[in-house]
Each structure stands twice: as C-alpha cells, then as structure tokens.
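Below: the structure, in structure tokens.
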Amino acid sequence: MTFKLDPLYRLGAWGAAACMLAICAMVTFQVLLRCLDAVLVLVGASRLGYEISGVSEIASYLLVGATFLSLAYTFTHYAHIRVTLVIARLPAAARAWCEVVCLAIALALSALLSWEVVGLIQESLDYGDVSSGLMAIPLWIPQTVLVVGLTLLCLAILEALLTTLRQAVTAPSRYVAPGENDGFGDNDNFGGE
129 MTFKLDPLYR LGAWGAAACM LAICAMVTFQ VLLRCLDAVL VLVGASRLGY
179 EISGVSEIAS YLLVGATFLS LAYTFTHYAH IRVTLVIARL PAAARAWCEV
229 VCLAIALALS ALLSWEVVGL IQESLDYGDV SSGLMAIPLW IPQTVLVVGL
279 TLLCLAILEA LLTTLRQAVT APSRYVAPGE NDGFGDNDNF GGE
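Using our numbering, you'd call the opening residue of the sequence shown number 129 and step up by one each time.
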C-alpha cells in the first residue's frame with residue numbers, strides 16, 4: 129500500500145527522533161555534570177553543583193512527543209502489532225471487509241481521542257494550566273503535540289481505509305493484507321503476524 133501523505137508522516141517521525149535526541153542530550157549532560165562533581169570531590173575540590181532543573185519533567189513531555197509523533201509513521205510502515213490469527217484464515221474478500229471494519233473503528237477511536245484532546249487544550253488555555261513540577265510549563269504545549277500526532281495517525285488510517293475500501297469494492301478476491309507483500313516474507317514483516 130502506498131501512502132500519498134508519507135512525507136508528512138516522515139516529518140512526524142523526524143519530530144519524534146528530535147524528541148528522543150533531546151532526551152538523550154539532556155540526560156547525558158546531566159550525567160556528565162554529576163560525573164564532574166564526583167571527580168571534583170575525589171580530587172578534594174568542592175562540587176560545582178550545576179544541574180538542569182526539571183530534566184525529568186521535560187524528558188517525560190518529550191517522550192510523549194516522541195510516542196505520539198511517530199504513530200502515523202509506524203502505522204504506515206506496519207510496525208504496529210497486528211493480531212491476524214482469525215482474519216488470516218478468511219477468504220480474501222472477507223479479509224478485505226474485516227480490514228475495512230477494523231480501520232473504520234480505529235479511525236473513529238483516533239478521531240474521538242483527537243477531539244477530546246483538542247477540548248483538553250482549550251480547557252488548559254482557558255484556565256492557564258501549567259505543570260506542577262519545578263518548571264511551570266504551560267500544558268497546552270505538550271497537549272498540542274498530542275493532537276498533531278493523533279491527527280497524523282487519523283490521516284494515515286483514513287488513507288489506509290480508503291485504499292482498502294476501494295480494493296474491497298473493486299477487486300476483493302485479490303486483496304492482500306498490509307505488510308504481506310513488503311519483501312520481508314509472509315511472517316517476517318514488521319506487522320507482527
């Protein structure tokens with residue numbers, strides 16, 4: 129299956145990678161500062177006592193960003209776990225329609241979650257909600273990243289749904305499940321069959 133909006137999903141994946149790199153950089157810098165203090169104490173000098181305040185809080189928000197921004201990319205590359213024990217044994221036409229139903233349910237749930245998070249952002253903006261940690265980060269910022277990731281996922285699911293629906297209507301007997309013809313073999317794909 130070819131996704132027309134793949135560059136957009138890749139942009140989300142790059143955002144997720146940037147979040148992971150930022151986490152790694154912050155934690156590494158924090159560890160290096162602690163190691164420097166330890167070395168100073170070993171040689172009899174006094175500690176510098178430098179540290180990045182709120183590393184845990186920032187890292188947790190970045191982890192949420194990395195998780196949600198990568199959802200669409202991992203979906204389009206069949207890296208989400210798929211349990212196909214039942215559908216794999218159905219005829220091609222029945223598999224196509226089962227896939228359509230599953231994608232429609234996934235789209236509905238993802239869209240509902242996106243809608244609710246948009247409401248949460250509005251609430252955070254109305255009340256001026258900030259995080260309760262050492263740094264007062266406005267909560268609408270990490271919540272916006274959630275909506276961006278969920279919206280990308282909705283677009284990816286919608287693309288897959290339309291493609292699968294078209295195939296279910298026009299040529300159901302030739303339906304091939306996503307990831308089956310990806311060059312990795314029948315059971316070695318990233319879909320986790």
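Every residue gets a Cβ at the ideal spot worked out from N, C-alpha and C, and that includes glycine.
Being a predicted model, the structure only gives us computed values, none of them experimental.
Taken through DSSP and simplified to helix, strand or coil, valine 171 comes out as coil. In the same chain as leucine 235, and ignoring 5 residues on each side of it, the C-beta atoms closer than 7 Å to its own belong to Cys282, Ile285, Leu286, Leu289, in chain order. The three-state secondary structure of proline 266, taken from DSSP, is strand. Its chain contains Tyr137, Gly140, Leu280, Leu281, Ala284 as the residues whose beta carbon lies nearer than 6 Å to that of alanine 200, once the 5 sequence neighbours on both sides are disregarded; these appear in chain order.
For aspartate 254, the uninterrupted alpha helix (DSSP H) segment begins and ends at 220–255.
Annotation for valine 183: the continuous alpha helix (DSSP H) segment containing it runs 183–197. Partner residues in the beta bridge of valine 258, as assigned by DSSP, are Pro266. Taking a 10 Å sphere around the C-beta of glutamate 227, we find 16 or more other C-beta atoms and assign the residue as buried. Threonine 156 and valine 275 have their C-alpha atoms spaced approximately 29 Å apart. Counting every other CB atom within 10 Å of its CB across the protein chains shown gives cysteine 152 a total below 16, marking it as exposed.
Taking 8 Å as the upper bound for CB-CB distance, threonine 204 and aspartate 254 are not in contact here, some 35 Å apart.
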